[in-house]
Amino acid sequence: MAKKKAAAASGPSFEAALARLEEIVHELEEADLPLERSLAVFEEGVRLSRLLHQRLGEAERKVEILLRNEEGEKVPVPFAGGADATAPPVSHEGEDDDEEGEGPDGGGQRALPF
């Protein structure tokens, strides 16, 4: 019972807040709302955005604490997820050996590899 009261006092769950924020964005983008309603919905969205940002910050701090070694030092851990997790490394072999920051014409910009 005490946990439910504490959870209610801290607001909706992260997932519920994010889902509501997505609804708000959709409503503001798609609906032709009166000004008063638009302002009220926008205000709710700002509150939810701040809440989500705060919760993400708290989660990040917890992860940093959990990734410390016995001496309390941060231990770098490679991120195993994300869109590029399975992408092969980019090879720069065979590219021109121009100086850093210079392109093939010496114009000060480096040529992109694609």
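The numbering of the sequence shown is the numbering used here, which starts it at 72 and goes up by one.
Glycine is no exception: its CB is placed at the ideal position from the N, C-alpha and C atoms.
Per DSSP, the bridge partner or partners of residue i
i    : result
R139 : K145
Nearest-angstrom Cα separation, counted from residue j out to residue i
i    : j    : result
S162 : A90  : Note that S162 has pLDDT 49, beneath the 50 cutoff, so the model's placement of it is unreliable and no number is given.
A102 : N140 : 51 Å
E100 : F113 : 11 Å
E131 : E94  : 26 Å
G82  : G128 : 16 Å
From the options, residue whose alpha carbon lies closest to that of residue i
i    : options               : result
A215 : E131, G116, V148      : Residue 215 is absent from the structure shown; the chain starts at 72 and stops at 185.
S84  : E131, F113, H97, Q125 : Q125
L110 : R121, V148, V96       : V96
DSSP state of residue i mapped onto helix, strand, coil
i    : result
A90  : helix
S84  : coil
L104 : coil
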